[in-house]
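Heads up: the structure comes next, in structure tokens.
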Amino acid sequence: MGSVDEADHQVLSRDGPTPTHESPTAAFTKAPAEETRVRATEVAASMCTDGARVAAKSLLDMAGRA
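In this text, residue positions in the sequence shown follow UniProt numbering: the first is 1, and each later residue adds one.
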């Protein structure tokens with residue numbers, strides 16, 4: 001059996017409770033330390049949310065210069 005097959009088997013036969021839609025949320029509310037939450041909030045506020053528009057404008061600007 002190859003390593004990919006073994007990895008697939010391990011994923012399919014994992015022990016423990018079945019993950020639910022709420023599992024990641026529950027983990028994230030408990031896992032990070034307070035300073036991690038504070039920093040993540042700061043970083044999130046500085047993130048660009050219009051990446052597609054910026055990329056399109058960049059392409060159009062480059063095409064105009066060609």
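For each residue, glycine too, the CB sits at the ideal point set by N, CA and C. For clarity, every value in this text was computed on a predicted model and none was experimentally measured.
- Collapsing the DSSP output to three states places P17 in coil.
- Under the DSSP assignment, A55 falls in the alpha helix (DSSP H) whose first and last residues are 51-65.
- Pairing A63 with A56, the inter-Cα distance amounts to about 11 Å.
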